[in-house]
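Report on the following structure.
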Amino acid sequence: MKFKFLSLIFLFIFCLNFMYGKERQRIISLSPAGTEIIFALEEGESLIGRTDFCDYPPEAQSVPSVGGFDGKTISLEKIIAMKPTGVCLTDGMHNHLELPLRELGIETCLLKGSSIEDIYQGIISVSTLLKVPEKGETLVEKIKAQVNSVSVNKATSRPKVYYEISSNPYITCGKGSFLNEVIKAAGGINCFEDSGSPYPDISPEAIILANPDVIIYPIYSEKQNPEKILAEIISRPGWNLINAVKNGRIIFIDCNLAERPGPRIGEGILLLNSGLYEN
Numbered sequence: 001m002k003f004k005f006l007s008l009i010f011l012f013i014f015c016l017n018f019m020y021g022k023e024r025q026r027i028i029s030l031s032p033a034g035t036e037i038i039f040a041l042e043e044g045e046s047l048i049g050r051t052d053f054c055d056y057p058p059e060a061q062s063v064p065s066v067g068g069f070d071g072k073t074i075s076l077e078k079i080i081a082m083k084p085t086g087v088c089l090t091d092g093m094h095n096h097l098e099l100p101l102r103e104l105g106i107e108t109c110l111l112k113g114s115s116i117e118d119i120y121q122g123i124i125s126v127s128t129l130l131k132v133p134e135k136g137e138t139l140v141e142k143i144k145a146q147v148n149s150v151s152v153n154k155a156t157s158r159p160k161v162y163y164e165i166s167s168n169p170y171i172t173c174g175k176g177s178f179l180n181e182v183i184k185a186a187g188g189i190n191c192f193e194d195s196g197s198p199y200p201d202i203s204p205e206a207i208i209l210a211n212p213d214v215i216i217y218p219i220y221s222e223k224q225n226p227e228k229i230l231a232e233i234i235s236r237p238g239w240n241l242i243n244a245v246k247n248g249r250i251i252f253i254d255c256n257l258a259e260r261p262g263p264r265i266g267e268g269i270l271l272l273n274s275g276l277y278e279n
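Numbering (UniProt numbering), first residue to last: 1 to 279.
In structure tokens form, the structure reads like this:
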């Protein structure tokens with residue numbers, strides 16, 4: 001009877017572990033893209049810390065912040081005090097934190113953002129950190145399906161695209177940048193792909209000479225007014241000669257959909273594609 005009772009207890013504990021899985025991870029994300037990935041994997045309850053710039057999804061903003069995005073503003077001591085099991089880092093920003101964290105037994109994943117493939121690898125890394133690798137594989141396949149569903153109008157040539165990151169000075173994207181891949185995946189040709197730099201400074205004369213068919217303008221703040229921006233672009237000296245201006249092909253897009261190397265990139269590419277090939 002005693003043996004049977006102990007067997008039932010063991011079976012009960014086994015069933016609980018099967019139903020609820022292992023102990024929930026405690027993750028701090030120092031990457032806005034990493035934070036989005038965590039929620040896209042439906043593991044938001046595992047997020048215990050974020051940066052001030054981790055603003056999506058909205059529920060992420062209720063998670064305590066550990067500082068700004070810049071690695072210099074992040075306190076290693078504050079991270080350690082929160083007792084995380086893992087930390088998502090941003091390549092180029094937080095590399096100096098990787099070794100100290102690992103020496104303390106805290107797992108890390110370093111998220112890169114130079115290509116669409118980097119996004120897929122980042123999702124797998126974050127899902128591994130969360131101990132849910134199967135969810136990562138499922139999410140990657142979902143995004144790949146979105147990207148592969150992009151339609152390019154075979155009856156017309158691919159439109160030439162100018163993506164304006166800044167106008168003072170004029171900065172765009174070139175080969176070696178994540179944005180260059182996004183434009184190509186959406187069915188466009190980047191006017192400045194061969195500029196020799198991932199994010200080149202260019203002159204307004206060079207833009208006029210390139211004569212893009214479409215201008216993409218990212219919106220970085222809710223305070224920006226697309227109507228005022230459109231009027232300013234049209235009034236630029238000589239820009240009335242550009243096909244995109246003459247034909248009213250100026251597209252505004254949420255910067256985070258196009259520029260943040262996270263799980264919404266499939267959505268961003270589809271949105272750009274619809275703008276590039278609108279009738």
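Note that CB positions come from ideal geometry on N, CA and C, so glycine has one too.
Nothing here was measured: the structure is a model prediction, and the numbers come from that model.
Bounding residues of the alpha helix (DSSP H) (the contiguous stretch that carries N254): By 1-based counting over the sequence shown, the position of residue 254 is 254. Position check: residue 254 holds Asp in this sequence, whereas Asn was assumed. Going by DSSP, D254 is part of no alpha helix (DSSP H) but of the beta strand (DSSP E) stretching over 250-254.
Buried or exposed: where does S29 fall if 16 or more other Cβ atoms within 10 Å of its Cβ makes it buried? Start at 1 with the first residue of the sequence shown, and residue 29 comes out as number 29. Buried, because 16 or more other Cβ atoms sit within 10 Å of the Cβ of S29.
Out of curiosity, what's the CA-to-CA distance linking G127 and L139? The sequence position of residue 127 within the sequence shown is 127, counting from 1. The sequence position of residue 139 within the sequence shown is 139, counting from 1. For clarity, residue 127 is Ser in the given sequence; the question names Gly instead. Going by the C-alpha atoms only, they are around 10 Å apart.
What is the rounded straight-line gap between the Cα of G275 and the Cα of E164? Indexing the sequence shown from 1 puts residue 275 at position 275. Indexing the sequence shown from 1 puts residue 164 at position 164. The straight-line gap from Cα to Cα measures roughly 16 Å.
State yes or no: is the C-beta of G122 within less than 8 Å of the C-beta of A33? Position 122 of the sequence shown holds residue 122. Position 33 of the sequence shown holds residue 33. A contact, by the Cβ cut-off of 8 Å.
Would you call G196 buried or exposed, if buried means 16 or more other Cβ atoms sit within 10 Å of its Cβ? Translated into the one-based positions of the sequence shown, residue 196 becomes position 196. G196 is exposed by the Cβ-count criterion.
What did DSSP end up calling K131 once you bin it into helix, strand or coil? Mapped onto the sequence shown, residue 131 falls at position 131. K131: coil per DSSP, three-state reduction.
Between the alpha carbons of W239 and Y277, how many angstroms are there, rounded? In the sequence shown, residue 239 corresponds to position 239, counting from 1. In the sequence shown, residue 277 corresponds to position 277, counting from 1. Between W239 and Y277, the alpha-carbon positions lie close to 22 Å from each other.
For E107, the residue or residues it bridges with in DSSP: Along the sequence shown, read from residue 1 onward, the residue named residue 107 stands at position 107. Its beta-bridge partners are G86.
Alpha carbon to alpha carbon, what distance is there between L241 and I216? For the purposes of this step, residue 216 is taken as the residue at position 216 of the sequence shown. For the purposes of this step, residue 241 is taken as the residue at position 241 of the sequence shown. The straight-line gap from Cα to Cα measures roughly 17 Å.
Exposure label - L16; buried when at least 16 CB within 10 Å: Stepping through the sequence shown from its first residue, residue 16 is reached at position 16. The pLDDT assigned to L16 is 44, lower than 50, so where the model puts this residue is not dependable; a value taken from the coordinates is nonetheless given after this. By the C-beta density criterion, L16 is exposed, having fewer than 16 other C-beta atoms within 10 angstroms.
Starting from the N-terminal side, write out each stretch of the alpha helix (DSSP H) that is 4 residues or longer and does not extend beyond the region 153-211. The region 153-211 contains these whole alpha helix (DSSP H) runs: 178-185, 204-210.
Secondary structure of G67, DSSP reduced to three states: Looking up residue 67 in the sequence shown gives position 67. Coil at G67, not helix or strand.
C88 versus N168: straight-line alpha-carbon distance, rounded: Counting from one through the sequence shown, the residue named residue 88 turns up at place 88. Counting from one through the sequence shown, the residue named residue 168 turns up at place 168. Between the alpha carbons of C88 and N168 lies a gap of roughly 33 Å.
Euclidean distance between Cα positions of E205 and I37: The residue given as residue 205 occupies position 205 in the sequence shown. The residue given as residue 37 occupies position 37 in the sequence shown. Using only the alpha carbons, I get a separation of about 40 Å.
Distance between beta carbons of P261 and D118, contact taken as under 8 Å: Counting from one through the sequence shown, the residue named residue 118 turns up at place 118. Counting from one through the sequence shown, the residue named residue 261 turns up at place 261. Your pair D118 and P261 checks out as a contact, with CB atoms roughly 6 Å apart and the cut at 8 Å.
Beta bridge counterpart(s) of I216 as assigned by DSSP: Working through the sequence shown from its first residue, we reach residue 216 at position 216. According to DSSP, which records beta bridges pairwise, I216 is partnered with Y163, I251.
Using only CA atoms, which one of G266, I171, P212 lies nearest to P159? Reading the sequence shown from its first residue, position 159 is the one you call residue 159. The shortest Cα separation from P159 among G266, I171, P212 belongs to P212.
Within the continuous alpha helix (DSSP H) that includes S274, where are the two ends? The residue labelled residue 274 in the question sits at position 274 within the sequence shown. Its alpha helix (DSSP H) spans residues 265-276.
Would you kindly work out how many angstroms separate the C-alpha atoms of V214 and L99, rounded to a whole number? The count along the sequence shown starts at 1 and reaches residue 214 at position 214. The count along the sequence shown starts at 1 and reaches residue 99 at position 99. Each residue's CA atom was taken as its position, placing V214 and L99 some 44 Å apart.
Does the beta-carbon of H94 have 16 or more other beta-carbons within 10 angstroms, so that it is buried, or is it exposed? Residue numbering aside, residue 94 sits at position 94 when the sequence shown is read from its first letter. Under this definition H94 is a buried residue.
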